[in-house]
Amino acid sequence: MSIKSLLEYARMPQDELIERILSKKEELDAVIFAHNYQRIEVQRIADFRGDSLELARKAKELDAKIILFCGVMFMAETAKILNPEKTVLIPDVQSGCPLAAHASADDVIAMKKKFPNYAVVSYINSSAEVKAVSDIICTSANSVKVVNSIPKERGIIFLPDKNLCHYTKTQTHRENIVCWDGNCYVHDRFTVEDLKDARGKHPKAKIIVHPEAPPDVQEDADFIASTGGMYRFAKEHRGEEIVLGTEVGMVERINDEFPDTSTFPMSEIALCSNMKLITLAKVARSLDEKIFEVVVPDEIAERAKIAIEKMLAL
Ligand code: SF4
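Residue numbers for the sequence shown follow the numbering used here, so the first one is 748 and each next one is one higher.
In structure tokens:
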């Protein structure tokens, strides 16, 4: 097939793009993963949607030749590290995670020199290079379990999200954790005012916020949960009202799958522009041209895999 410009794909009607994606997926023996923060039309064509932990686990179990990852780069890298024999594609190479960019491998090595006997716990939202110099990886769904797996007397360097670190410290009652000074620009912008406004508008709703939200917002919420936890809560509380303090894609997913549940965003401007870079047009182009292939150098992948698998084994 001739190489089409992205503009040509973008001009195709949505139905045609979807048909094209589904038939090409079959032809190539590909599976499509979509993170909960993807555009809803991208989530709908995915074989699996979920949070970082669910998608990392699923990537390990699969039998397909190609994984097309609709998410940000660290997620696609994680899928590649766990599946070195599979081709992993990402529809837009610009879709990096600004939170992950808060820590480089050199920064982590310098920090380890400052705190020599500390264990390095890295949030999955970190580059493959950072994972390679970490002891263990965690997600927002299992950070407490991961930290509890490390002997109490051993200090921990927790990176790169300071708010998830605060949450984990509070839940584990450990003071010997050094928090990195990074944040997610989408979640860190939530304020107590946003939460109060949401309570005013939806007085019957349970308010659930992500642990990447600031500590004062976490304190005033009814629950704190990862997007996987939010999904399970909505599934188990059908017909109820819920307000979510996270990226709006999660709200769209829940309203899409459980239309009998009224789920509202805590802020309508909680949008991750990096996640939204992936469009149906880019997904179609990615499958047609088998671009962009995610490559992780072997020596980095091998070390990063040890840290990821330690988490998966818990
Ligand atoms: S929502 Fe935050 S943590 Fe997630 S990809 Fe966007 S910037 Fe990164």
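Yeah, the Cβ is synthetic: ideal placement off N, Cα and C, and Gly gets one too. Please read all numbers here as calculations on a predicted model, not as lab measurements.
Residue of the options minimising C-alpha distance to residue i
i	options	result
ALA857	SER1014, ILE904, GLU983 and ARG921	ILE904
ILE989	ARG1000, LYS953 and ALA777	LYS953
GLN841	LEU809, GLN965 and ILE1038	ILE1038
LEU815	LYS807, GLU966, ASP967 and ILE779	ILE779
PRO1044	ALA875, PHE795, GLU774 and LEU754	ALA875
PRO1012	LEU775, ARG946 and PHE862	ARG946
GLU994	HIS984, LEU753, THR1010 and GLY902	THR1010
ARG786	THR1026, GLY902, LEU802 and THR1008	THR1026
THR886	TYR932, ARG804 and ALA811	ARG804
GLU788	CYS817, THR974, ILE884 and GLU1015	CYS817
PHE1005	ASP762, CYS1019, GLU987 and SER1014	GLU987
GLU966	CYS926, ARG901, TYR914 and TRP927	TYR914
TRP927	GLU959, ARG758 and ALA972	GLU959
Rounded C-alpha distance that separates residue i from residue j
i	j	result
MET748	ALA781	Note that MET748 has pLDDT 46, beneath the 50 cutoff, so the model's placement of it is unreliable and no number is given.
MET977	ASP1003	14 Å
LYS1052	GLY996	29 Å
GLY929	PRO961	12 Å
MET822	SER799	7 Å
ILE768	VAL1030	7 Å
PRO898	TYR865	11 Å
GLU999	LYS861	44 Å
LEU753	LEU1024	13 Å
HIS949	ALA1028	36 Å
GLU773	HIS849	38 Å
CYS912	ASP839	30 Å
LEU775	GLY797	23 Å
LEU716	TYR756	Given a span of 748 to 1061 for the chain in the structure shown, any question on residue 716 remains unanswerable.
ILE765	VAL933	29 Å
GLN808	ARG1050	It is Glu, not Gln, that sits at residue 808 in the sequence shown. C-alpha separation (whole angstroms): 20 Å.
ALA1017	LYS943	16 Å
VAL1062	LYS951	Residue 1062 cannot be examined here, being either before or after the span of the chain that is shown, 748 to 1061.
VAL964	ILE924	21 Å
GLU983	GLU1046	43 Å
ALA1070	PHE795	This structure leaves residue 1070 out entirely; the chain is present only between 748 and 1061.
SER1020	CYS931	12 Å
Proximity below 8 Å, CB of residue i to CB of residue j
i	j	result
ASN910	ASP941	no
ALA777	ALA806	no
MET1058	TYR784	no
ILE837	VAL1041	yes
PRO863	ALA1048	no
ILE1055	LEU829	yes
ASP908	LEU846	yes
VAL855	VAL894	no
ILE955	PHE980	yes
SER896	LEU1061	yes
ASP1035	LYS771	yes
CYS844	VAL877	no
ARG985	ASP969	no
ILE871	ILE884	yes
ARG1032	LYS751	yes
GLU801	GLY975	yes
Distance cut-off 7 Å: residue i Cβ against heavy atoms of ligand 3
i	result
PRO958	Annotation note on ligand 3: not contained in the displayed structure, which lists ligand 1 as its ligands.
_Uninterrupted beta strand (DSSP E) stretches inside the region 971-1051 (no shorter than 3 residues)_ = Along the region 971-1051, the beta strand (DSSP E) occurs as fully enclosed runs of 3 or more residues at 988-992 and 1009-1012, listed in sequence order.
_So within the region 802-827, which uninterrupted alpha helix (DSSP H) runs reach at least 4 residues, ignoring any that extend past its ends?_
The region 802-827 contains no whole alpha helix (DSSP H) run of 4 or more residues.
*Okay, do the region 911-920 and the region 885-902 touch, 3+ Cβ pairs below 8 Å being the bar?*
Touching, yes, given that three or more Cβ pairs across the two stretches are closer than 8 Å.
*alpha helix (DSSP H) runs wholly inside the region 889-968, at least 4 long, in chain order*: With a minimum length of 4 residues, the continuous alpha helix (DSSP H) runs that stay inside the region 889-968 are 890-895, 909-919, 939-948 and 962-967.
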